[in-house]
Each structure stands twice: as C-alpha cells, then as structure tokens.
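As structure tokens, the structure follows; a few thoughts come after it.
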Amino acid sequence: MEYVRHAAPVYGIQRALYDGFAMSFQTLLKHESAEALERLITQHLLKGAPLKAVFKAPAAPPGDRHELVEQYWVEAGDGERVDPESAGRYVVTPGVKKHLSSLARAALLRRHPILLQGPTSSGKTSLVEYLAERTGHRFVRINNHEHTDLQEYLGSYVTDAEGKLTFQEGALVQAVRKGWWIVLDELNLAPSDVLEALNRLLDDNRELFVPELQETIRPHPHFALFATQNPPGVTYGGRKTLSKAFRNRFMELHVGDIPDDELRIILNKRCSVAPSYAAKIVEVMRELQRRRRASRAFAGKDGFVTARDLFRWANRGAASYEELARDGFKTLGERLRSDEERDALKETLVKILKVDNSRREETLAFSVLYASAEEASLTQRLTEAATRALATADAAERDARKNAGKTSVKGNTKKDTLAEVSARVARRDAADASALSAAMAWTPAARRLFSLVESCLEHSEPALLVGETGCGKTSVCQLLALLRGQKLRILNCHQHTETGDFLGGFRPARKESDAEDATKDSVPFAWEDGPLVQAMRDGDILLVDEMSLAEDSVLERLNSVLEQGRALTLPEKGGSEVEELVAHKNFRVLATMNPGGDFGKKELSPALRNRFCEIWIGASSDEAEMAQIVQRRIPEAPLSDYSKKLAQFWSFYREAAGKGVARSALLTRDLVAWAQFMRAANDPSGEGSAASGCSRRLSPEEAYAHGAYLTLLDGLGLGLGLPEETAKRLADGCREFLRRQLPKKAHYAIEAASNPGGFSGAASTLEPPKEKRAKEKRGATKKVERSRDDDGAFVDDDAANLFGVAPFAVPRGSLPRGAVGAVDAQFELNAPSAKRNAARVLRAMQLPKPILLEGSPGVGKTSLISALAKAAGHRLTRVNLSEQTDMMDLLGADLPKDGGDAGEFRWADGAFLSALKRGDWVLLDELNLAPQPVLEGLNAALDHRAEIFVPELGETFRCPPTFRVFAAQNPVQEGGGRKGLPKSFLNRFTRVHVEPMEKQDMTHIVASLYPAVPADLVEKAVTFVVSLAEAARAPGGSFARAGAPWEFNLRDVLRWCELACDKLKREETSMTRRSSNDELFGDSFPVRRVAEALRETHETIFVRRLRVASDRRECARLFGSAFAGVFKDGPSFDSFSRTSPVAVTLGEDGALRVGGAALATSRVGV
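For the record, in the sequence shown the residue sitting at position 169 is 168 according to numbering that gives the first Met the number 0, with numbers rising by one throughout.
Rendered as structure tokens:
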C-alpha cells in the first residue's frame, strides 16, 4: 500500500494497485506460478482490462532528473547516464525487459532492499549494473563468502600515509553516505550474525550504526541496496536458507534461467556468432544437462555448464562446425576429470553439430585439437623468443647504465638506477626461461597444456590449471610469458594470504639514502602497488600459484577483474575519490592449484571456478611419455640408454604401489631429479672438481643405482604415513627390480648405494686439523686421483676445494674448517652410522633441491647438519619452527628504527631471508610442527624457481648457488602437534631417512667427545641407556609408561658424562678458576673416581625423571646390571627416594652448596 500511495499520482490508481500487488507477491515466484497469479490479478484488480491499456508510460516528471526504463520513470543519480545496450556491452531480450521492468518498479521507492534470487550466470548482478548505468548511479558490489566479516561492510582502522590510525570506511558505509547503489553478492553465503547486524539499515528506520565511529548514518536519498543469491540446496553447496524474519525485509525478484531462444539471441549479438552456431551451442548445453539428469555423467562440479561457458565457447570465433566442435571440447571438455565424461561430450558435439561421418574421428583427434603445439614449431618459436628477450634485456641494461652515468636533474639518478636493476632482472628472467625451454620435454600432455593455455591468453580468458604437483603447470606459464614477450608476476598463495598481498598497501616509507631530499616533506607510510595492480597497470601476466590455498574472502576480491570489464576499485588507498583501475589490454590472469583431497588442499567455490577457463592436467600413465621426459635430461650417450630403464622402473613402482598414498613417493618431478643426478654424477669433468660435487666420476650403473636410493629408497614412505611393513615390502621389490635391470657385474653398485659411507680399505677417518695443516706446510696437499677403492673415505681436499665422503662431496665454503664463525657441533662424523647418514645427505646434495631428514628423536638430525656445515666451512642458520611460527619470523618485518624519529621504520630481515642473501645453509627444524600456510609460503624458494617474493618489500630475491635448505622432522606418530604434510610440498624435497644410532655408534661418539671417561665405563654407560630405551619401547611392557612417551638416547649419555666430568673437575679445582673444555677433556681421572661420579650423577639424569616408584626400582636394577662388577654395592632404590633435609651453605670460595652440589655465584649482591 505504501507503493500505491507513492505511485498513484504518477501512474494512476489502477496501475499502482497492480504494480504494488505484483511487486509484493508475484515477482518472487517462478515463471509458471507467476503467470497463474497474473491472471488472478488481472481478473480481480483490473476487472479484466488488458494490461497494454494499463501499461502506458505517463508524462515525464518535471526537470531532467528521471530516466524512462520499461515504462517506469526512475530517478537518476549524479553520474553520467550511459545506455549499455547502445555501447554493445549488454543485450536486452524480452525476458531481460521483463526483469528490468520488475527491477525498475521495485527501485521507485528506494526505501526497501531488493533481493534477486536465481541460478548462477542468469544475469542477476548485471541487471542491477545495467539499471545503475542507465540512471547514472555509482554501482559497487561486495562479494560475500562463508568467512565474511562485518569489517568488510563497515570498515576498519588502518594506518594512513602520515602514520596515523584513521578509520577506512567500508564499501557499505561509503555507499550509504554518498548515495551509491550497492549489491551484496551471494547473500546466503555470509554468516548469519553479519547479516543480522544490517537489520537497522533494512528496516523502515533506514539507518546504519558504525560502532567504531559511534555514529548513526542516515542514507543519502539516492542510496539503494540490492542483494543476489543462488537458491539454497544441494546444487549450490554452502548456500543456506535465510530466516523468514530477515528475508521478509526484502522485496524479492526471481530471475530464472535464460530461455533458449533468448540465449541464442545473446550469443549472436554479444559474441558475433552466426545464429545457426548460437542455436547449436545452446542445443549442446541442453543435451549435457539432460545427460546430467539422466545419469551420473557430468554430475560433478566440473561438469556443470553455465552461460559463462557458452560465452567463452562462442568468443573463440569458429569458422566452421568442425572448428566449433573443437572449441567446444576445449572450453567444456578439458576441465573434465573423467574419461567417461570426456567421451560423452565428444559424442554429444559430433551428434549435434552433425560432423561428417568420415571426419568424426579426425575432428576431435589429438593431432588436430593441438596442431598449434607441434614440437618442432614450439622449439623454434621459443628459441626465437628467447633470443629476442635476451637481446631486448641486454639493450635495456646498456641504456640504463649509460643513463645512470649522465649528470641529470635531481631525482633522475634514482630512477635510472631502478631502470638498471629492472633491466638486469628482465635479463635474468629471460635467461631462466631460455634454459627452461631447452630442458622442456614436449610430451603430448605438455603440448596439450601449452596449446590450451595459449588459446586462453589469446582470447583474454582467465585460465585455471588444476593438476598434481610436478606436471608442468608453472613451467608452461613461464614459457608462454617468454613467447609473448611479457613479464610474468608470480604470487604464491597460502592460507595466510591477504588481500593486501594482491592489491598492495601502505608500507613504511624507506629512504634510499641519507642524501635523499631532506627539504621534501616525507611521510612515514606510502602506498605500494601489489603484484595484481602492477600487472594491471603494466600489461603483465599475473600467475596466482596454489590459488586454492588462499581464503575465499581474499579470492572473491578478484571477481571484478575476472569479469568482462576487467576493472578493480581500490578503496584501500583512501582519499576523497576511490580509484577505479581498468586493466591494460595486454593484462592476463593465470592460476594454478592442486586438486582437493591432500592435506590442506581444497577445491575452489563453483562461483569462482566458473569465472576461469579450467584445464585439468591428469597424472601421466604412459611409460613412453616418461621416457621422453627423462631423455631430455640425459640426451648424451651412454646415459641416454637409461631413459627407458628409468621409465620402466617408474612403471613398475606405480603398479607395485597401487592407487594408495605410496604412489606419490615417485612422481614425475622425482624421476627428473633422478636423471639430473645421473648426469651430474657421470659428468666427464667430475674428477674431483667443485663444479661437479663428486670426488670421482661415477659409472652409469653406479649413477643409476645411487639415483634410485637418492630419489626413492632412502626416504621411501617418509612424511606419507606408510606402515613400516608396506614401506619394507616396496623397498625390497624395488631393489629386486634394480638387480634385474642391471647386469650381474654391476650389482656391486646397488650394494654400494644401499650403504654409502661404508668402510673400505682406504683411510676412513677425518684427518685432524693439526695434522692436516702440518702436511700443508710440507707441501703434501695436492689433487689426488681417486678410484672406487676410496669410496667411504673422507674427502677434505683443498686443491679440489671439496669436502665429503667419497664419492660424494660438496664445495667448501668461505669459512675455514673449525673457524670461530662456523657452527660448533657436538657431533662425531667418524661414527659408523653418523658417517653413513652423512654420506646419504652428501649424496642428496648433488641435486639443487632442499633436503628433508626424518628420524626418531635423538638420532642426530640437527647435529649431523651442524657437523657437515662446520666441516665444509659453511655458516648454518638454524630456524626452530613451531605451531606459532609466522612468515614474518622467516622473512622479516618493519620495525621502529633505533634512534630514529617517531614513526620511522626500518626493514629487519628474518632468519630465512638473511641466510638466503648471504648464501648460507638453513636448517628448518621440526618442519611438521609449523603451520602449513608458512610452509606453503616458501614453495617458490624450494622448487626450480629458487626465489622468494616478499610482499612488504615488493621485491623478489633469488637463491644464490651456495644457499642450501635442510629440514628436519620427527615422524608424525611421535605426536606433540606433528602433522602430515601435503604431497605437493613434500615432493619438493629430497627425503633422507636418518637411521638410528647403534650401540657402537654411541660408544664411538661419547669416547671421542669425553676422553676423560675410560672406554670400558663409556661402554657400560651406553649399555645402560640402551637398556632403558629398549625397556621403554618394549611392546606390552610396564616400564616408563607414566608420563610416556620417554626417549633415552645419545643426548642423555652426553649430559651424563658432562655432569660427571664437571663434578670431578670441581673436586680438583676451585670454582674461581674453571678449566677450559679442551683441558678438561684432555685430563685423565682414576677409573674408580670416574665410576663414582657416574653413579652419583646418574640419579639426576635418569632416576628423578621417572614418576613412579616401580620405574625407579627398574632403573636401579638396569644400572646395577650394566655396571656389574664395578661397584661393591650397587645403587639401591632407597637412596633414590630419600626425602631428608638438604643443607644449603655458601662456602668461602663463593660457591653455593646444595647438598653435594656446588654452584658458582656472582659477586654482585653477595
């Protein structure tokens, strides 16, 4: 009735009654029900009068403030009025006119919000946008999602350019103040509590309260609120049914599917295709929908066809029915993940498009579909593109250097320097892409992917590449950027990716130099464009890597960029006017993701996926294709003969592993690494050179066997949660297959590969530094020709600049062995198991990949890497990860500058970035404790790109050749917050299993580090600790169950010996003159005194740790058993359970004595 009162003076009482009733009851109904109600309205309200007689446009209101839209005069806004249909951006069909009529009628009042409900791609949002443009109203939209926060509507406090906290109003607040038309897209995806907060704005009160401002805002007269949603139910996952109380606040319009005849008209006019082609395209869509309803075919999300898909298909510009069929398969079929569905689509296309029977097979044959990506043609095109790119980059670098040397006006020097840096970066990128092109194996799958993505780029379509890790998604994108002569900007997503990582944000303004213009007013913060904005401005290609890891709230911000208008609003920049950015004509968007189902991986929402041309890259199962990939890495004889052996091994392993998680242990990326290792190890220049990293050249058989252990058998099952029995069965099968592949005379290579670092007849201990320096003085150090007999011996060769365990070595670092700057590692590499573990790590270091070490606690993972770094002269940066680790801990953050002005910041590198810049070694300890978003943020630094992008600096850092990444983790079953890691992440590592230390290893290490302890007592101490560990692990045992799990390992023995030696030293030396460690370990003590010290201190290390009396009794029994014959009276449980008072005194020597223990004290305050 309110509408009738408002409209009757202009449109007459009869029409006002009809419109008011229809607006309140008819427009929310589906087509059939709406027609039935219309007949009743005509009969009872219009008394049978024809609608045409009622619906006549009244005279125009006075002034020029209204626009006639489908017989309704809608009040215009303050902006320019544009007719999208005349501009060729919109097609108005009879159905669209009817919807526009209902929408214009509902917009007359502007007091009530309007809800448009209908299927995806039915044109709900575009209806509002069309009406807004026709009437000159500013149009904005908010994309809702399951994690929408009220701040996205209202705004939040941000730091402005002057460093002050200011309230940045959200889109809704700005629209209410300025009279914009706003659309809340996907309304029923937003959380209910967020929607309920809008009640005051949706009610008759029409006011918006902003808590942060403590302000109630009354809407501008031109303000109008619209909302869209898909119907709740199974078809559109995640959509909920809105409460009746909330929904009743809206006037509802139902927007149904576009009728076939109108869809044909839209395709004909919008995409400029022939009417006959448009009819066939619509017919194909209906046939696929019929198949979807009749069977399980096309039942998945990727089989759902929308109007956007048809527009994409039609825009390809086919010139014949055969081309139309091929374009249809590329746009609709290449995203399907089932061969059954792909065949059904081919059948439908051939049937409906009436392809000639004689050409049916040929029309959709592989060779015809991807004819543009023939190997010879691709190779030539990429070679020419690489040559052009290098020449262009060289010329730009020369020009930049020339300009940088000229005297110019103030300010140009900095600009020229940046131009020079940019030119060098362009040259480096071109060289990398050229090398990638040379190494690329153009298999049928690679040519298919290249052709499909190239078609998307040519037609300005966003492309989404979905496939398992290592299938070449990123590589193809890099090569296409090279071919097109465009810069590729890569953004790696993770779960903590923010909108600012795409768009940019206010960053602390950093002075380039102290000589910068001091008279110029400086601000502490300045806006810096993010990679998306930079790419849109410059016409670059943006690659969004691992897109599905980012939150939906972040990705939905890209919706407007992925639409036909390719525009972006930047309210985040602030200012009196919101910047609207329209993309450069050459701007393109590519995205990659792994399929859902792995740890932390999810599928994108249907609404977002539908905005991309999706391409599915299935896992290859073709042995010949694998051989072709490997052949590209080892093209020279005699290694080229092994490409088929590698492919056969891969095929065998896939069959043996089945379809379970074990199959992911050997993927394409692993096979390529195997081939790369063989080429490096068999390099003719590998005669002890630092360039090759091997102390001798391996034979092809040796390289093949070592490669098998390096890429698979050393770490089979690590991080995958495979049962021990399954991993052992697979490993045994693989070893047997290797024996069948290699001739019998080469089986020694398999044994050597399974036991690297094993003792041989050669000298097998690391020469002490003093003796080595003495030989150097005598001129004894020279390059030595090494043979297979030297394998297992330490390589510490200054002439070759290598350190390692033959036959594997690494280039020496800049730090001298044993220097203060090197990491001090309490570890002994000469121990048998330690040496074998070191040899495995050194073998893994022959590839430029990060290395993951997994083993039980206490096996020496961290100590092993520390000892290798020290021995090789490399600085090691250890980063201890935890569940609270953040990206800023690794990369850095802006911190207040020491001694600087208020609001002055400086960038402080994180541990990882700092080590990367120096080219040091990095150890990421407790890898599987860190949050997955942090780990995924390092993806680019861990794969072939070897770089990391820091959004806060807007800069990409390349990993220098000396930079190496190691990671250590305990098995998932150890608990304590440890979790499984995604296959796509684990696949970036070479996995090495660190075998547990045996009794002789522990004895060797302890004896080497604590020579003051007699050898027989060391052996007894190790025996005691080993017996504790065995008792604690015994199945069904009762020992050490309280407070479990317990670990008794080498750490305990070392602490025990250190405590005992300290006790002995305190008895001989006053606390004011403590001896150095070297003097301590060089002393010798009577056996009886050492034994007593061990007995007295073992209570502190072991007994007091245990929580129940029965465990302490068992510990006393095991101690007595291990030290049988050493003491006249063994330790009794009673002595461990005493609770008598302990005297605390301060001696004359300044030591604080608690019972028998003495603690040194400071003189301060004594």
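Backbone N, C-alpha and C fix where the C-beta goes; we use that ideal spot for every residue, glycine too.
Note that the coordinates shown come from a computational prediction; the quantities given were computed from them, not determined experimentally.
Taking C-alpha atoms, which residue in Ser275, Glu453, Leu39 and Arg839 lies nearest to Leu262?
The option with the nearest alpha carbon to Leu262 is Ser275.
Compare the beta carbon distance of Lys472 and Ile616 with 8 Å and say whether it is the shorter of the two.
yes
Looking at the structure shown, is Cys455 part of a helix, part of a strand, or coil, going by DSSP?
Shown here, Cys455 sits in a helix according to DSSP, grouped into three states.
Could you give the distance in angstroms between the alpha-carbon of Leu542 and the alpha-carbon of Asp500?
13 Å
Within its chain, find whatever has a CB closer than 7 Å to the CB of Val1025; leave out the 5 residues flanking it on each side and keep chain order.
Lys998
Sorted by chain position, which residues of the same chain lie with C-beta nearer than 6 Å to Val560's C-beta, five sequence neighbours on each side aside?
Here the set comprises Leu567.
Pairwise C-alpha distance: Phe676 and Glu1066
Annotation: Glu1066 to Phe676 spans about 56 Å, alpha carbon to alpha carbon.
Under the three-state reduction of DSSP, which class applies to Arg877: helix, strand or coil?
strand
Coil, strand or helix - Trp1055 by DSSP
helix
Buried or exposed for Met1001, going by 16 or more other Cβ atoms inside 10 Å?
The residue is buried, with at least 16 neighbouring Cβ atoms inside 10 Å.
Rounded to the nearest angstrom, how far is the Cβ of Arg238 from that of Asn247, given a contact under 8 Å?
At roughly 19 Å, the Cβ-Cβ gap does not stay under 8 Å, so Arg238 and Asn247 are not in contact.
Taking the C-alpha atoms as reference points, what is the distance between Trp180 and Leu126?
Trp180 and Leu126 have their C-alpha atoms spaced approximately 12 Å apart.
In this structure, how does DSSP classify Cys470 when only helix, strand and coil are distinguished?
coil
Test item: CB-CB of Val254 and Phe225 under 8 Å
no
Cβ neighbour criterion (16 or more within 10 Å) applied to Ile264
It counts as buried.
Contact the segment 482–501 vs the segment 927–945: 3+ CB pairs below 8 Å
yes
Mind listing, in chain order, the continuous beta strand (DSSP E) runs of no fewer than 3 residues lying wholly within the segment 313–360?
none
By the 10 Å Cβ neighbour count, where 16 or more other Cβ atoms means buried, how is Phe365 classified, buried or exposed?
exposed
Report the rounded CA-to-CA distance for Asp1133 versus Gly1036, giving the unit in angstroms.
Because Asp1133 sits at a pLDDT of 49, beneath the cut-off of 50, its placement in the model cannot be relied upon, and the point is left open.
State the Cα-Cα distance for the pair Lys916 and Arg427, rounded to the nearest angstrom.
17 Å
Between Ser559 and the ligand COA, is there a pair consisting of the residue's CB and a ligand heavy atom that are separated by less than 7 Å?
What this structure holds is no ligand at all, so the ligand COA is not there to describe.
Assuming Glu251 and Thr26 are in contact, meaning their beta carbons sit under 8 Å apart, how far apart are those beta carbons, in whole angstroms?
6 Å
Excluding the five sequence neighbours on either side, which residues of its own chain have a C-beta within less than 8 Å of the C-beta of Leu580, listed in chain order?
Val532, Met535, Arg536, Ala566, Leu567, Thr568 and Leu569
In terms of residue numbering, what span does the beta strand (DSSP E) encompassing Tyr71 cover?
Segment Tyr71 to Glu74, the beta strand (DSSP E) holding Tyr71.
Whole beta strand (DSSP E) runs in the segment 804–865 with 3 or more residues, listed along the chain?
807–810 and 850–853
Taking the alpha-carbon positions, what's the Glu622 to Arg506 distance?
51 Å
CB contact flag (Leu721, Thr989, <8 Å):
no
Compute the distance between the beta-carbons of Leu451 and Lys350, then report whether it is under 8 Å.
no
Taking the alpha-carbon positions, what's the Ala661 to Cys470 distance?
18 Å
What residues in its chain sit with their C-beta under 6 Å from that of Val949, if we drop five residues either side in the sequence?
Leu890
Environment of Lys584 [buried if 16+ CB atoms lie within 10 Å]:
That one is exposed.
Spatial neighbours of Pro461 within its chain, please: CB distance less than 6 Å, with the 5 preceding and 5 following residues excluded, ordered by chain position.
Leu561, Val588 and Phe611
Would DSSP call Leu923 helix, strand or coil?
Strand, per DSSP.
Suppose you measure from the CA of Leu863 to the CA of Leu828; what does that come to, to the nearest Å?
8 Å
Assuming Ala939 is part of the beta strand (DSSP E), what are its boundary residues?
Taken as a continuous stretch (DSSP letters only), Ala939 belongs to no beta strand (DSSP E), being part of the alpha helix (DSSP H) at Asn938 to Leu941.
Can the beta-carbon of Ala674 be found closer than 8 Å to that of Leu715?
no
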